[in-house]
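In the numbering used here, the protein residues as written are 3 to 382.
(1) Quick one: give me the first and last residue of the beta strand (DSSP E) that residue 74 is part of.
(2) Between residue 325 and residue 244, what straight-line distance do the alpha-carbon atoms span, to the nearest angstrom?
(3) Let me confirm a value: residue 339 is counted as buried when at least 16 other C-beta atoms fall within 10 Å, else exposed. Which label applies?
(4) Closest to residue 67 by C-alpha separation, out of 163, 188, 183 and 231, would be which residue?
(5) Within the continuous alpha helix (DSSP H) that includes residue 53, where are the two ends?
(6) So the alpha helix (DSSP H) residue 88 belongs to, where does it begin and stop?
(7) What first and last residue would you give for the alpha helix (DSSP H) that runs through residue 352?
(8) Can you grab the Cα-Cα spacing for the pair residue 221 / residue 187, in whole Å?
(9) From residue 110 to residue 310, what does the alpha carbon distance come to, in whole angstroms?
(10) Taking the beta carbon of residue 92 as the centre, do at least 16 other beta carbons fall within 10 Å, making it buried, or is it exposed?
(11) Look up residue 263 in the DSSP assignment and give the residues it is bridged to.
(12) Could you work out which residue in 304, 161, 347 and 147 is closest to residue 179 when comparing CA atoms only?
(13) Restricting to Cα atoms, I'd like to know which of 293, 373, 281 and 101 is closest to residue 380.
(14) Nearest-angstrom Cα distance between residue 183 and residue 252?
(15) Label residue 263 either buried or exposed according to how many other C-beta atoms from any shown protein chain fall within 10 Å of its C-beta, with 16 as the threshold for buried.
(16) Would you please state the rounded distance, in angstroms, between the beta carbons of residue 50 and residue 247? I believe it to be under 8 Å.
(17) Quick one: give me the first and last residue of the alpha helix (DSSP H) that residue 2 is part of.
(18) Would you say residue 41 and residue 283 are within 8 Å of each other, going by their C-beta atoms?
(19) Roughly how many angstroms lie between the CA atoms of residue 154 and residue 232, to the nearest whole one?
(20) Does the Cβ of residue 63 have 16 or more other Cβ atoms within 10 Å, making it buried, or fewer, making it exposed?
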């Protein structure tokens with residue numbers, strides 16, 4: 003976004019550390035609006051690898067299960083961390099998550115390396131012509147699989163589906179598939195019209211009328227399906243995207259890249275979860291100089307040495323803490339300035355332990371609903 007700009011379309015600009023476009027009013031810093039929006043059918047959770055996408059998607063699903071009739075948590079990340087998060091094995095079929103009666107989880111493979119729904123196993127003529135046409139559109143096989151997958155998901159009878167997606171690069175490829183399908187299938191349909199006379203002649207010579215018509219029926223079906231999926235993607239009442247990041251350069255950069263692509267594709271995105279944030283310590287002010295002066299009044303040198311070591315260690319830890327907060331504040335300021343007027347920005351604290359198991363995920367999910375100021379460091 004350009005410095006001082008107010009148009010959300012200007013997200014196509016790169017991040018600027020010097021941006022000063024903050025305004026006084028910001029969106030609520032929690033996910034309550036997302037959870038309470040009962041019109042949503044698809045919620046995608048995405049971001050760079052290792053920023054807490056799975057924890058966030060699991061937490062969102064848990065909160066949705068309190069509001070909606072039935073919820074499916076669907077992992078499209080090849081790593082499939084949902085099983086580890088819940089300490090429960092999931093497969094490519096919806097499985098009820100322990101302790102719930104309306105929250106399901108499934109893990110699917112989206113590498114699309116083997117089967118496609120659009121197989122040409124007919125005459126040698128078709129086998130030689132159609133693959134050549136499809137090769138003009140790299141990735142079309144994956145896109146066709148994706149279309150079939152999304153159509154199957156669309157037909158599932160769940161109130162809402164939460165997608166735990168793969169890292170940003172893979173997710174951006176998935177988001178590009180509907181456009182690719184529309185272009186490729188539209189090309190084939192137009193080709194049929196242009197070559198109508200030639201095809202009619204070939205049909206009479208080869209007696210393959212049913213074969214040609216069946217093929218184009220399939221193409222028309224896939225085209226209709228891809229248009230339907232794209233419409234679902236671009237309907238903000240039905241679909242939204244939650245970006246997850248941490249306050250570091252690469253993660254913030256990928257978040258900007260993801261938001262740019264979502265904006266270009268008219269996909270709703272109004273929530274950002276920032277994980278691993280170091281918040282200010284809540285403790286009485288400690289005057290180290292005063293402690294050192296008091297220490298000098300102690301005559302026992304052994305005690306003095308022990309406390310001196312403790313004070314030095316405290317100073318080291320304080321330096322690390324302040325350095326970390328300063329570094330994070332640099333990127334938190336960016337996030338606030340760029341997105342504060344258009345997004346719900348939820349800062350989640352750096353925790354002492356891994357978030358694994360239902361109890362810890364549930365606690366984390368509650369924190370997503372609590373408003374917290376973005377903790378920008380300022381020296382006292």
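Backbone N, C-alpha and C define an ideal beta-carbon position, used for all residues, glycine too.
Computed from a predicted model, the values in this text were never measured in an experiment.
Taking the coordinates as given:
(1) 73-77 is the extent of the beta strand (DSSP E) around residue 74.
(2) Computed Cα separation, rounded: 29 Å.
(3) Result: buried.
(4) Residue 163 holds the alpha-carbon nearest to the alpha-carbon of residue 67 among 163, 188, 183 and 231.
(5) From DSSP, residue 53 is part of no alpha helix (DSSP H); its letter is neither H nor E.
(6) Its alpha helix (DSSP H) spans residues 84-88.
(7) Membership of residue 352 in any alpha helix (DSSP H) is not indicated, and neither H nor E is assigned to it by DSSP.
(8) CA-to-CA, the gap between residue 221 and residue 187 works out to about 6 Å.
(9) Roughly 57 Å between the two C-alpha positions.
(10) Counting the other CB atoms within 10 Å of its CB gives residue 92 a total of 16 or more, which places it among the buried residues.
(11) Under DSSP, residue 263 forms no beta bridge with any residue.
(12) The residue from 304, 161, 347 and 147 with its alpha-carbon nearest to that of residue 179 is 147.
(13) Minimum Cα distance to residue 380 is reached at 281.
(14) Near 31 Å, if we compare the C-alpha coordinates of residue 252 and residue 183.
(15) With 16 or more Cβ atoms within 10 Å of its Cβ, residue 263 is classed as buried.
(16) Indeed they touch by this definition, with Cβ atoms about 7 Å apart.
(17) A query on residue 2 cannot be resolved here, the shown segment of the chain reaching from 3 to 382 and no further.
(18) For residue 41 and residue 283, no; Cβs fall outside 8 Å.
(19) Taking the straight line from one Cα to the other gives about 14 Å.
(20) It counts as buried.
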